[in-house]
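Enquirer:
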Amino acid sequence: MNKKKVVKIIAAALCAVLVLVLALWFLQRLLTPKYIDKNEEGLLVKEYYDYAGGNDVLFIGDCEVYSNFSPVRLWQEYGITSAIRGSPQQLIWHSYYMLEDTLRYETPKVVVFNVLSMKYGEPQSEAYNRLALDGMKWSSVKLRAVKASMTEEESLLSYVFPLLRFHSRWSDLRSEDLKYFFNTRQLSHNGYVMRIDVQPVDYIPRAEPLADYSFADTCWEYLDKMKDLCEKNGIQLVLIKAPTLMPHWYDEWDEQIVKYASDNGLCYVNTLPIAESEIGIDYTADTFDAGQHLNLSGAEKLSSWFGAYLKANTALPNHRGEADLELKWSEKIDRYYEMADAQAAQLERDGKLSGYWGD
Amino acid sequence: MPFVSFGFIAFLAALMLLYYLVPKRFQWMMLLAFSIFFYCFAGWTSLIFMAVTILTTYFAGAVIGRMAEARDSYIKEQGAAMDRDAKKAYKAKVKKRTYLILSLCLIVNLGMLAVIKYTDFGISIVNGIFRTNIGYLRFILPLGISFYIFQSMGYIIDVYRGKYAPEKNFARFALFVSFFPQLLQGPISRFDELSQTLYGPHDFDYQNFAKGAWRVVWGFFKKVVIADRLVTAVITLSGEPDVYKGVYVVALVLFYAIQLYADFTGGIDITIGVAQMLGIKVAENFDRPFFSLNVTEYWRRWHITMGTWFKDYIFYPLSVSPKMLKISKWSREKLGQAIGKRVPVYLSTIIVWFATGLWHGAAWNFIVWGLLNCLVIIVSQELSPLYQRFHKKFRFSNTKGYNVFQMFRTFWLMGFIRVLDVYRDVPGTFRQVGTIFTTANWGDLFNGSFLELGLGWQDFAVVLAGCAAMLTVSILQNKGQVRDRLMARPPVVRYALLIAAVCLIMVFGAYGIGYDSGAFIYTRF
Amino acid sequence: MKKSKKILIALLLAALMTVIALTAGCGGNDDPGTDTGKTAAPADKTAAPEEKDAYVFKKGDVTIKMNAPAEPIISALGEPDHYYEEASCAFEGMDKTYTYGSIDVTTYTLNGADYIAGVVLWDDSVETPEGLYIGARAEDVARIYGEDATGKTSVSLKKGDANLLILLKDGVVTSIQYLAIN
C-alpha cells in the first residue's frame, strides 16, 4: 500500500467516524425524553442552571420542596432570593451531590433540607435516578453522584451516553420529541412547580406501625456530609419537614431528627403540628392531591410563614429595592402569574389540569 | 467478557491498534496476552482449568512426538538389521507407549470435563433411581471448557495418529487453545488449519480488515437486534407451559429457531470477523443451514466443526475399532447381511449422537435431543430407497417449489426436536407438542394475545425486518460473499451503510434497562 | 431389505426412545447446569418455582393473597369505608388504600393493573386464618406459627411471596401486617 492510499483511507475513516458521532448525537437527542407532556419534573434539575447564582437560600429535597415552597413569594414578602433543587423522590445522596454541584455555581447563605427522604436507605427505582441525575451538568460531582446512586442494573456509561438507556424509546416517539429537539419549555419558578387545582383531604389512611423506626446508616452518613459541607462553606443548614400529610411522618422519626438537630446546633422545624394553627394551611383548599402536595395557595401560605421563620432564625438580608434584582425578579413574577392564570383558565375550561403550562 | 459489551469493543480496539503497531514477530504474543486477559474475566479458577488442559496436552503431545521421532530414527538406523516382524513388533511397542500417553491425556482432560459438567447429572440419576437424596456439588462450569477441551483433544489425537508434528513452542500452543474469539462458542478449530494463519506475521490488509469488521457488525446485528429481542418471548412461552399451549408451542418452535440461529451464527460471525480483522482464518461453522433439504444435510451445514469433530474422533475410530468389527461379524452371521452390516454403523451413529447430546449439556433433554436427531437420520436413511423411487416417479420433486417444501419440512422437524432445549423437560416437551393437536387456540394469533408475551408489535416488526435481512443476505450468498460485492462499491456508499448499520444496532438493539421500555413508565413505587 | 426387518428396526429404535424418555422422568427435572455454549439459552428457569403456599388473609369468604390481581379481590370485598390513592411523583404508579372496618388493604400498580401490596389488621375483631389477633400473647405467636416465631418487638415470617409481620410490645401483639414480597 502506498502512502497516498493510506492517507486516503485514514481520512475517509475519520470522516466516517465524525459522521457516525453526529448521527449518534442526533439519535440520542431525539430519543432522550423531553419531559414536556409527560413526567415534566424531569426538567427540574437542568433548569437550575438558568437561575443559578445570587440565591441566598437553597432548598433541597424531593417533591416536598419543589411543590411546597414558592421563591417568588419569599422575594415578594421578604426580599429573600432563593432557589429550589428538588426532583421526584430525590434521595438524600442525590440531595447531597446536588448541594455539592450547587457550590460550583454559588454559595447560598442558608440551605434548607427537607428530611422526608431520610426514610429511604436504598434506591427505590432506576427511573428516579435518571430524573435526578440526567439533568446535572457534567463534573466530577456528577460522576460521584452517579456512582453513589446507580442501582445494580445500571451502568455509568449509560449516564455518559443516555442513548444507551433511552434507545428503546424509538417505539414511544411522539411529536414533542421533534418539536423540542433543540429547545425546551421552562417548567419551574426557581425550582418551584406550580399547581393551582384543589383536591381536599377527606381521609388519611391510618399509619401502620413499623417494626423498626431507625433511619438507615447511609442516610445519617449523607446528612452528616451535608452538615459538614455547609459548615465548611459557612452555610447555615436548616432542616424542615413540610406540612404534607402523606406519606406518613412518624413521631419516632421526628424524635431522631429533633435529637440530631439539637446535638449539632441546627434549626429543625416540623411544620405538621403547626400547619393549621400557625401557618394557616387549610387542607380542604390548599392541596391538589388530598394532602400529598400543597397547591399554589398552600405553597404561598407556607412560604409566607417560612420567610418569617428564616428572618427570625437566620441573618438573611432583604434585597428589595436593589435595582438589578428587582428587574430580574419582576420578570420571574410575571411568568409566575402568567402560569397561574393559564392554569386557572384551563381549569375553568376543562374542569381539570392536563399539564403545568395550562395549554 | 461477553461479546456484547462495551468492554469487549474497547478490548478489540486496543488489541487491533497494538497488534498492527508491534513488530510482526510479536503479533502472536500480543494475541496470547490479550487472550489470557480476556479469559481472566471468567475468574481465576477458570484459568486454572484451562492451564491444566494446555499443560497436559502440550506435554503429552511433546512426549508422543519425541517417541515418534525416536522410533523413526531408530528404524532408520537399525532398520536394515531388522526383519519385518521385528519392525512391526517394535512399532507396536512404541505405539503402545504413545497410546498410553494419549489415554492419560484424554483421561485427565475428559475426566475433568466429566467431573465438572456431569457429576450433578449423575447424582440426579442416582437420586432418581434409588430415591436417595445426595446433595449436588454445583460446580461452576469454566467458560468454554467444552470447546477448548474438544479442540485440544482433537490436537492430541491427531498428533498420536501422526497427522502432524506437535507444536514445539509452549506459548504458541497455549495460544492455540486460548485464542479468545473462539473461546465462548467455538468453532472447534483444527490445529493444522488454524496454525497456518494464527501465528502470523500479518501485514495490515485493508480489504481483509474491512471485511472482517463488516462481519462483526453483521454478527452484532443478528445477536443484539434479533436474538436478544426474541429471547423475551421464548422465556415467557417456555416458562409457563401450562398457559402457553397449542399455537404458542408452534410459535415457540419458530421463535427459538430464529433466536438460536441469530444468536449462534451471530456469535460465530463476530468470532470469524474478529479473526479476519487480525488476518487469521477460522473455520466456518455454518453454511446457511435452514436451506437444507433434509436432516443429514442440515447437520453438514449447522455447527459444522462440532459435527466433523464427532465424525473424525468418535464415529470413524468407533466404526473401525476391533470391538465393532467383532460385532459386525457377529451380526452378519446371526442377523443376515442386510441387517448385519447396518448394526455397527447404526450403533456408532447412536453412540455419536448420544455423545453429541451429552456434550451440549448434562441433562436428559439434550440426550433425548441427540437421539431424536439420530432417529430421524437413521429412519430417513432407511427410507431413502423409497424416496428415490418417489423422486423418479414424480417429476415435480426436482422443482424449486418442492425444494422449498423440503426446506420448510426440515426447518420445522429440526425446530420441534430443538424445543427440548427450551422446555428442559422431556415428558413436558412431548406433552406440549401434543397440545398442538388438542388445543384449538389459533385464534390467539389475531386477537392480540401475542402482544402480551413481553414484545410489542414494534418488536415483532423489528424481528420480522431482521429476518427479512438475514434471508436476503442468505439468498444473495448463492452468488458469493455479500461483503465482496459491498467492497466493490464506492467508499461513500460503504461508509454510509456502515454508519447506518451501527445506528440501527444502537437504536434497535435489545440491550440495557431501556429494553423493557415499559418499566420506565410503570414502575412500582 | 425386507419390510418386516425394517419394521423391526423401527420398533427397536422406538423402544429405545421410549425407555430413555421414561427414565428421563426418573431423573427428575433437576437441572444440574448445562453448557450448550451455543446460545444464551432461555435464561434462568431453574430459579425456585414460586411457592404456591403463602400466608394469606381471609375476610369472610374472600382470600386476600399478596401480589394477586387486586380487581377481583377488591370487588368481592365490596364498597370500602374509605379509599385513598397516593400517586407516585412523576410516574404512573398509584398506591391505593382501601379501608374495611378493621383492616386496610393496599395495592400497587404494575403495567397498568393493580396488585395486592399488603393487608394491615387494626384491632382484635379480626384474626389471621391461623388464629392470631391483636392483643394475643407472644406465647400464642410461637404456638401458632412455630417455635421459630419468637422475637421481642417483632416477628417477621416469610412464606411464598408473603411476609407476615407481627409487632409486639411487652409480650403482647400490637400489630399484624401482611406485606407482598416482589
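Quick mapping for you: the protein sequence lines, in order, are chains L, F and E. Position in the first sequence (first residue = 1) + 257 = my numbering. Position in the second sequence (first residue = 1) + 618 = my numbering. Position in the third sequence (first residue = 1) + 923 = my numbering. Built from N, CA and C at the ideal position, the CB exists for glycine as well. Here the structure is a predicted model, which means the values were calculated and not measured.
(1) Beta-carbon of residue 269 of chain L versus every beta-carbon of chain F: anything under 8 Å?
(2) Would you mind sorting residue 395 of chain L into buried or exposed? The rule is 16 or more other CB atoms within 10 Å of its CB.
(3) For the alpha helix (DSSP H) containing residue 314 of chain L, name the first residue and the last one.
(4) Quick check on this structure: which residue in F:1096, F:1113, F:1127, F:1074 has the alpha carbon closest to the alpha carbon of residue 1084 of chain F?
(5) Determine the DSSP secondary structure at residue 1099 of chain E, reduced to helix, strand or coil.
(6) Can you give me the start and stop residues for the alpha helix (DSSP H) that residue 634 of chain F sits inside?
(7) Measuring only the C-alpha atoms, how far is residue 432 of chain L from residue 286 of chain L?
(8) Output, in chain order, the set of chain E residues within a Cβ distance shorter than 9 Å of residue 449 of chain L.
(9) The beta strand (DSSP E) with residue 828 of chain F in it runs from where to where?
(10) Figure out for me which residue from F:852, F:913, F:666, F:856 has the closest Cα to the Cα of residue 1001 of chain F.
(11) Out of F:771, F:749, F:688, F:735, which one is the CA nearest neighbour of residue 755 of chain F?
(12) Evaluate residue 462 of chain L with the Cβ neighbour count: other Cβ atoms within 10 Å of its Cβ, from every protein chain shown; 16 or more gives buried, anything less gives exposed.
(13) Does the CB of residue 586 of chain L have a neighbour CB from chain F at under 8 Å?
(14) Shorter than 8 Å from the beta carbon of residue 454 of chain L to some beta carbon of chain E?
(15) Which residues mark the beginning and the end of the beta strand (DSSP E) in which residue 981 of chain E is found?
(16) Determine, for residue 1121 of chain F, whether the minimum Cβ-Cβ distance to residues of chain L falls below 8 Å.
(17) Could you check whether residue 574 of chain L and residue 529 of chain L sit closer than 8 Å to each other, using their CB atoms as the reference points?
(18) Using 10 angstroms around the beta-carbon of residue 1102 of chain F, count the other beta-carbons present and answer buried if the total reaches 16, otherwise exposed.
(19) Put residue 1036 of chain E into one of helix, strand or coil per three-state DSSP.
(20) Quick test of your reading: residue 980 of chain E and residue 1042 of chain E, contact by CB under 8 Å. State the CB separation rounded to the nearest angstrom.
(21) Listed in chain order, which residues of the region 328-361 of chain L have Cβ atoms closer than 7 Å to some Cβ of chain F?
(22) Give a yes or no on whether the C-beta atoms belonging to residue 650 of chain F and residue 678 of chain F are separated by under 8 Å.
(23) Buried or exposed: which applies to residue 469 of chain L, given that a residue is buried once 16 or more other Cβ atoms fall within 10 Å of its Cβ?
(24) For residue 862 of chain F, which three-state DSSP category applies?
(25) Under 8 Å, Cβ to Cβ, is there at least one residue of chain L near residue 1051 of chain E?
(26) So, for residue 712 of chain F: in the same chain, excluding its five sequence neighbours on each side, which residues have a beta-carbon less than 7 Å away from its beta-carbon?
(27) Considering only their Cβ atoms, is the gap separating residue 266 of chain L from residue 824 of chain F smaller than 8 Å?
(28) Under 6 Å Cβ to Cβ from residue 980 of chain F, same chain only, skipping five residues before and after it: list those, please.
(29) Do residue 544 of chain L and residue 458 of chain L come within 8 Å of each other at the CB atom, strictly closer than that value?
(30) Mind pulling the chain E residues with CB within less than 7 Å of residue 463 of chain L?
(31) Just reading off the alpha helix (DSSP H) that residue 576 of chain L is part of, what are its end residues?
(32) Evaluate residue 1093 of chain F with the Cβ neighbour count: other Cβ atoms within 10 Å of its Cβ, from every protein chain shown; 16 or more gives buried, anything less gives exposed.
(33) Helix, strand or coil, according to DSSP, for residue 925 of chain F in the structure here?
(34) Within a Cβ cutoff of 7 Å, which residues of the same chain sit near residue 638 of chain F, ignoring the five residues on either side of it in sequence?
(35) Cβ of residue 415 of chain L less than 8 Å from any chain F Cβ?
(36) Within 10 angstroms of the Cβ of residue 905 of chain F, are there 16 or more other Cβ atoms? Answer buried if so, exposed if not.
Expert: Taking the coordinates as given:
(1) Locating residue 269 of chain L in the first sequence gives position 12, counting from the first residue. So yes, residue 269 of chain L belongs to the interface.
(2) Here the question's residue 395 of chain L lines up with position 138 in the first sequence. Result: exposed.
(3) Here residue 314 of chain L corresponds to residue number 57 of the first sequence, with the count starting at 1. Counting along the chain, no alpha helix (DSSP H) covers residue 314 of chain L; the unbroken beta strand (DSSP E) around it starts and ends at 314-318.
(4) Along the second sequence, read from residue 1 onward, the residue named residue 1084 of chain F stands at position 466. Closest by alpha carbon: F:1127.
(5) Position 176 of the third sequence, counted from the start, is the residue given in the question as residue 1099 of chain E. In this structure, DSSP gives residue 1099 of chain E an extended state, which the three-state scheme calls strand.
(6) Here residue 634 of chain F is taken as the residue at index 16 of the second sequence, counted from 1. That run of the alpha helix (DSSP H) goes 624-639.
(7) As a working note, residue 432 of chain L is residue 175 in the first sequence. As a working note, residue 286 of chain L is residue 29 in the first sequence. Whole-angstrom Cα-Cα distance: 14 Å.
(8) Start at 1 with the first residue of the first sequence, and residue 449 of chain L comes out as number 192. Listed along chain E, no residue sits closer than 9 Å to residue 449 of chain L by beta-carbon distance, the nearest being about 15 Å off.
(9) On the second sequence, residue 828 of chain F is found 210 positions in, with the first residue counted as 1. No beta strand (DSSP E) contains residue 828 of chain F, which is instead part of the alpha helix (DSSP H) from 824-838.
(10) One-based indexing of the second sequence puts residue 1001 of chain F at position 383. Closest by alpha carbon: F:913.
(11) If you number the second sequence from 1, residue 755 of chain F lands on position 137. Closest by alpha carbon: F:735.
(12) Within the first sequence, the letter at position 205 stands for residue 462 of chain L. Of the other Cβ atoms in all chains shown, 16 or more fall within 10 Å of the Cβ of residue 462 of chain L; this residue is therefore buried.
(13) As a working mapping, residue 586 of chain L is identified with position 329 in the first sequence. No, residue 586 of chain L does not count as interfacial toward chain F.
(14) If you number the first sequence from 1, residue 454 of chain L lands on position 197. So no, residue 454 of chain L is outside the interface.
(15) Locating residue 981 of chain E in the third sequence gives position 58, counting from the first residue. Segment 979-982, the beta strand (DSSP E) holding residue 981 of chain E.
(16) Walking along the second sequence from the start, residue 1121 of chain F turns up at place 503. Proximity of residue 1121 of chain F to chain L, defined by a Cβ-Cβ separation below 8 Å, is satisfied.
(17) The count along the first sequence starts at 1 and reaches residue 529 of chain L at position 272. The count along the first sequence starts at 1 and reaches residue 574 of chain L at position 317. Cβ distance not < 8 Å, so residue 529 of chain L and residue 574 of chain L don't count as in contact.
(18) Numbered from 1 along the second sequence, position 484 holds the residue referred to as residue 1102 of chain F. Counting of Cβ neighbours within 10 angstroms places residue 1102 of chain F among the exposed residues, the total staying below 16.
(19) As a working mapping, residue 1036 of chain E is identified with position 113 in the third sequence. Shown here, residue 1036 of chain E sits in a strand according to DSSP, grouped into three states.
(20) Taking the third sequence and counting its residues from 1, one reaches residue 980 of chain E at position 57. Taking the third sequence and counting its residues from 1, one reaches residue 1042 of chain E at position 119. The beta-carbon distance between residue 980 of chain E and residue 1042 of chain E, rounded to whole angstroms, is 5 Å. This is short enough to meet the 8 Å contact definition.
(21) Flagged: no residues at all.
(22) To locate residue 650 of chain F, count along the second sequence from 1; it is residue 32. To locate residue 678 of chain F, count along the second sequence from 1; it is residue 60. Judged by their CB atoms, residue 650 of chain F and residue 678 of chain F are not nearer to each other than the 8 Å cut-off.
(23) In the first sequence, the residue the question calls residue 469 of chain L occupies position 212. Exposed, since its Cβ has fewer than 16 Cβ neighbours within 10 Å.
(24) Your numbering for residue 862 of chain F matches position 244 in the second sequence. Looking at residue 862 of chain F - three-state DSSP - the assignment turns out to be coil, as it is neither helix nor strand.
(25) Taking the third sequence and counting its residues from 1, one reaches residue 1051 of chain E at position 128. Output row for residue 1051 of chain E: interface = no.
(26) The residue you call residue 712 of chain F lines up with position 94 of the second sequence. So the list reads 685, 689, once near-sequence residues are dropped.
(27) Counting from 1 along the second sequence, the entry for residue 824 of chain F is found at position 206. Counting from 1 along the first sequence, the entry for residue 266 of chain L is found at position 9. Cβ distance < 8 Å, so residue 824 of chain F and residue 266 of chain L count as in contact.
(28) One-based indexing of the second sequence puts residue 980 of chain F at position 362. If we look at residue 980 of chain F and ignore the five residues flanking it on each side, its Cβ neighbours are 735, 736, 739.
(29) As a working note, residue 458 of chain L is residue 201 in the first sequence. As a working note, residue 544 of chain L is residue 287 in the first sequence. Cβ distance < 8 Å, so residue 458 of chain L and residue 544 of chain L count as in contact.
(30) Locating residue 463 of chain L in the first sequence gives position 206, where the first residue counts as 1. Those are 1027, 1045, listed as they occur along chain E.
(31) Position 319 of the first sequence, counted from the start, is the residue given in the question as residue 576 of chain L. No alpha helix (DSSP H) holds residue 576 of chain L; DSSP gives it neither H nor E.
(32) Along the second sequence, one-based indexing puts residue 1093 of chain F at 475. Label assigned to residue 1093 of chain F: exposed.
(33) One-based indexing of the second sequence puts residue 925 of chain F at position 307. Reduced to three states, the DSSP call for residue 925 of chain F is helix.
(34) Numbered from 1 along the second sequence, position 20 holds the residue referred to as residue 638 of chain F. The beta carbon of residue 638 of chain F sits closer than 7 Å to those of 822, all from its chain and outside the five residues before and after it, given in chain order.
(35) Residue 415 of chain L sits at position 158 when you count from the first residue of the first sequence. Yes, residue 415 of chain L lies at the interface with chain F (some Cβ there is under 8 Å from its Cβ).
(36) Counted from its first residue, the second sequence places residue 905 of chain F at position 287. Exposed.
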